[in-house]
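Residue numbers (my numbering): 182 to 574. Note that the Cβ used here is the ideal one computed from N, Cα and C, for glycine as well. Every value quoted in this text rests on a predicted model; they were computed, and no experiment measured them.
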Ligand SMILES: *Cc1c(COP(=O)(O)O)cnc(C)c1O
């Protein structure tokens, strides 16, 4: 990836977000906005002879529109929507069988970490490794490694992993598939399939829907054979999203390019304000020159979303007071919506990560994760400023 691409959106992104999969000519009434098709079943011409749909778990017109739009935004060929981000993760893991091995990371979304730790009972072995150290990452492979699972930037530490380097080592050492959780960066800023990854997963509950009113996930691939297997599993396991939620996410995508630009500029402004603040120990944001993988982030991505992680001066008391005194930022889990949120990962999103692993990663009682929303920059900074002054003397 040429470095000069930083700051430039992928070609046609906004146009595809609005038009891909949305052609009014696919509907008899030529609806400009895709309809919500609630019907679970479809009339057949004769037994087994369909008009393209038979049952809504297997396929639904509203979901198909959304899947076509997502495939184009990730520059993939096939997208599959599932009822949550974790259901999308589960779909990918179902490509494996007992006796297989996964290489993943020690720094992962808490729910993914919890899910992966249930793998043992199904006979799937998993190694959690520090993937920011590419040599250490290379030592985790085994003869039976069939899947590599990477998150970048990570949640909540915002570490950046070199996707091209991961793909290169994986192909040298195994025939494993490389899957990237692209939830934090989103396809607006980062396209793992263009960097050689086989599979992209997103929790669309976050930036892609962007309005904190639908839980959904997707899997995107280019390979027809992998897609065919995933399509079988989507129907066979059945955790598909509702047509109404598909409508909401499809609508959310229409403004994704506009939202992401504002998330980036607000997020950077907040990170720079906090980095200068005497009540703050350290700020983690890949756009700051102080970030350990800042140059990699600029090479690999087109920009940054609105996630900022900050170590406050103090401990649990200061963290609680800070969160309680915020007025615009709401104390809540989740991220990527238009509204600003703040949370304490050690007690909230990452409470399910074992304590020793949390400590090793640096997820302490003074670590606050912010999802910077679309409010006015000045108001957000003023809110953080007053809460810091109240919480930390
Ligand atoms: C939220 C999240 C998930 C899980 O998605 P759900 O939609 O909550 O199931 C996975 N990965 C990351 C990075 C997330 O932030």
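A check of alpha carbon separations from residue 369 across 187, 458, 562, 555 identifies 187 as the nearest. Per DSSP, reduced to three states, the secondary structure at residue 475 is helical.
Relative to the non-hydrogen atoms of ligand 1, the Cβ of residue 362 comes within a distance shorter than 7 Å of at least one.
Here residue 382 is bridged, per DSSP, to 362, 400. Beta bridge pairing from DSSP links residue 302 with no other residue.
If you ignore the 5 residues before and after residue 291, its C-beta comes within less than 6 Å of the C-beta of 530, 531, 533, 534, all in its own chain and listed in chain order.
Per DSSP, reduced to three states, the secondary structure at residue 261 is strand. Our two residues, residue 304 and residue 347, have alpha carbons roughly 25 Å apart in a direct line. Within the chosen limit of 7 Å, ligand 1 does not reach the beta carbon of residue 233 with any heavy atom.
Distance from residue 452 to residue 489 at the Cβ level is roughly 5 Å; contact confirmed, criterion being Cβ atoms closer than 8 Å.
Residue pairing from DSSP leaves residue 196 without any beta-bridge partner. Taking the C-beta atoms as reference points, residue 359 is found nearer than 8 Å to residue 329.
Beta bridge pairing from DSSP links residue 512 with 523. The count of Cβ pairs closer than 8 Å, one atom from the stretch 534-548 and one from the stretch 471-484, stays below three, leaving the stretches out of contact.
In this structure, residue 307 keeps its C-beta atom at 8 Å or more from the C-beta atom of residue 350. A straight-line Cα-Cα distance of about 17 Å links residue 331 and residue 353. For the 8 Å CB-CB criterion, residue 471 and residue 516 do not form a contact. Membership of residue 462 in the beta strand (DSSP E) is indicated by the continuous run 461-465. Comparing C-alpha distances from residue 402 to each of 440, 362, 217, 418 shows the shortest one belongs to 362.
With respect to the 8 Å criterion, residue 511 and residue 499 are not classified as neighbours on the basis of their beta carbons.
For residue 371, there is no enclosing alpha helix (DSSP H), since its DSSP letter is neither H nor E.
For residue 393, the CB contacts under 7 Å within the same chain, skipping 5 residues up- and downstream, are 515, 518, 520 in chain order. The residue from 476, 459, 461, 565 with its alpha-carbon nearest to that of residue 467 is 476.
The DSSP assignment places 242-254, 266-274 as complete runs of the alpha helix (DSSP H) inside the stretch 234-293, in order along the chain (cut-off: 4 residues). Taken from the Cβ of residue 516, at least one heavy atom of ligand 1 lies inside 7 Å. Of the heavy atoms belonging to ligand 1, at least one sits nearer than 7 Å to the Cβ of residue 396. Here the C-alpha atom of residue 301 lies approximately 46 Å from the C-alpha atom of residue 571.
Taking a 10 Å sphere around the C-beta of residue 318, we find 16 or more other C-beta atoms and assign the residue as buried. Across the structure, residue 421 and residue 333 are spaced so that their CA atoms are roughly 26 Å apart. Scanning its chain for C-beta atoms nearer than 7 Å, with the 5 sequence neighbours on each side dropped, one finds around residue 412 the residues 261, in chain order. Rounded to whole angstroms, the gap between the alpha carbons of residue 503 and residue 273 is 39 Å.
The alpha-carbon of residue 335 is positioned some 10 Å away from that of residue 313.
According to DSSP, residue 552 shares a beta bridge with 488, 522. Taking the CA atoms as reference points, residue 436 sits about 42 Å from residue 320.
Within the chosen limit of 7 Å, ligand 1 reaches the beta carbon of residue 365 through at least one heavy atom.
Membership of residue 332 in the beta strand (DSSP E) is indicated by the continuous run 326-332.
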